[in-house]
Structure formats: C-alpha cells, structure tokens
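Asker: Here it is, the structure in full.
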Amino acid sequence: MKPARLDRADPTALHEQVAAQIRRSIAEGDANPGERLPPAKDLAAVMCVNTNTVLRALRVLREEGLLDFRRGLGVRVAGTPERGLVLSGARDLLALARRHGYQRDELLEMIQRLH
C-alpha cells in the first residue's frame, strides 16, 4: 500500500480518511480481490495513526463489502469499490423500504419484477 495522505485539519474523521485511502488502493489495483492486507498495526504505522483508527476504518470497509475478516487468515480484499457502492445502495434501499412499511420479501419481489 502506498503511504497515505491524511489531513488532520480536514473535518473528515481520521478513520474515514484511512478508509478512503484503502478504498483508493483497492480501486487502483494495489490490493486485488483475495489478497491479504497488512496487519492493522502496520497500516497504522505507515499512516501515522492509532491502530484503533485503522481497525475502525477496516470495519467500515467490511460493512461496504470490500473486505472480509477471517480468523487466522487476516483481512482480505473481498470485492471492488463498485461492489461496495452497490451494497451500500442496497442497504439504503432496504432501509427506505422498511421506513415505508415494506418487508424484505416484498422488496425482493419488486426488484425481481424490474429484471
């Protein structure tokens, strides 16, 4: 991974900046699906942040579908930023449907009709 350019004066939270740098590395092909990321403490040292900041960023990327955590195997790249965007949009759609009283199966039925 390339050294990150974090801006402590930026109002964006540090863990979000770290997540953005990792996301960018994945997008630029520095880390491909299936590849293992360096340990969080190593990433923290390179980025000059606390290990907990990196761990928080990694959790954000796992929720986006970009990373996969496996005990004994470390953190691996699970997908591309595009997949993460689609997954994020799907979560937003599901939340919107729930706010408007639709159940998961009803939403799936709507989506299948679009196909």
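Going by this note's numbering, the sequence shown wraps up at 114, each residue one higher than the last. For glycine and all other residues, C-beta sits at the position ideal for the given N, C-alpha and C.
Report the rounded CA-to-CA distance for A26 versus N51, giving the unit in angstroms.
Answerer: Position 27 of the sequence shown, counting from 1, holds the residue named residue 26. Position 52 of the sequence shown, counting from 1, holds the residue named residue 51. Their backbone Cα atoms lie some 24 Å apart in a straight line.
Asker: Does the distance from the C-beta atom of Q20 to that of D6 stay below 9 Å?
Answerer: Along the sequence shown, read from residue 1 onward, the residue named residue 20 stands at position 21. Along the sequence shown, read from residue 1 onward, the residue named residue 6 stands at position 7. Contact flag unset, no.
Asker: Is the segment 26–37 close to the segment 77–86, with three or more CB pairs under 8 Å?
Answerer: Verdict: yes, contact present.
Asker: Can you tell me whether R22 is buried or exposed, with buried defined as 16 or more other CB within 10 angstroms of its CB?
Answerer: Here residue 22 is taken as the residue at index 23 of the sequence shown, counted from 1. Buried, by the Cβ-count rule.
Asker: Tell me, please, which residues DSSP counts as bridged to R35.
Answerer: One-based indexing of the sequence shown puts residue 35 at position 36. DSSP lists R75 as partners of R35.
Asker: Given a cut-off of 9 Å, decide if A96 and E105 are closer than it, judged by their beta-carbon atoms.
Answerer: Taking the first residue of the sequence shown as 1, we reach residue 105 at position 106. Taking the first residue of the sequence shown as 1, we reach residue 96 at position 97. Contact: yes.
Asker: Short check: CB of A14 to CB of A56, under 9 Å?
Answerer: Within the sequence shown, numbered from 1, the residue matching residue 14 stands at position 15. Within the sequence shown, numbered from 1, the residue matching residue 56 stands at position 57. At residue 14 the sequence reads His, which differs from the Ala that was named. A contact, by the Cβ cut-off of 9 Å.
Asker: Looking at the structure shown, is D66 part of a helix, part of a strand, or coil, going by DSSP?
Answerer: In the sequence shown, counting from the first residue as 1, residue 66 sits at position 67. This sequence places Leu at residue 66; Asp is not what is there. Note: L66 maps to strand in three-state DSSP.
Asker: Might you give, ordered along the chain, the residues of its own chain that have their beta carbon closer than 7 Å to the beta carbon of G64, omitting 5 neighbours on each side?
Answerer: Locating residue 64 in the sequence shown gives position 65, counting from the first residue. Cβ neighbours of G64 beyond the five flanking positions: A77, G78, R82, G83 and L86.
Asker: Out of P38, V48, D9 and A30, which has the shortest C-alpha to C-alpha gap to G71?
Answerer: Your numbering for residue 71 matches position 72 in the sequence shown. Of the listed residues, the one whose Cα sits closest to G71 is P38.
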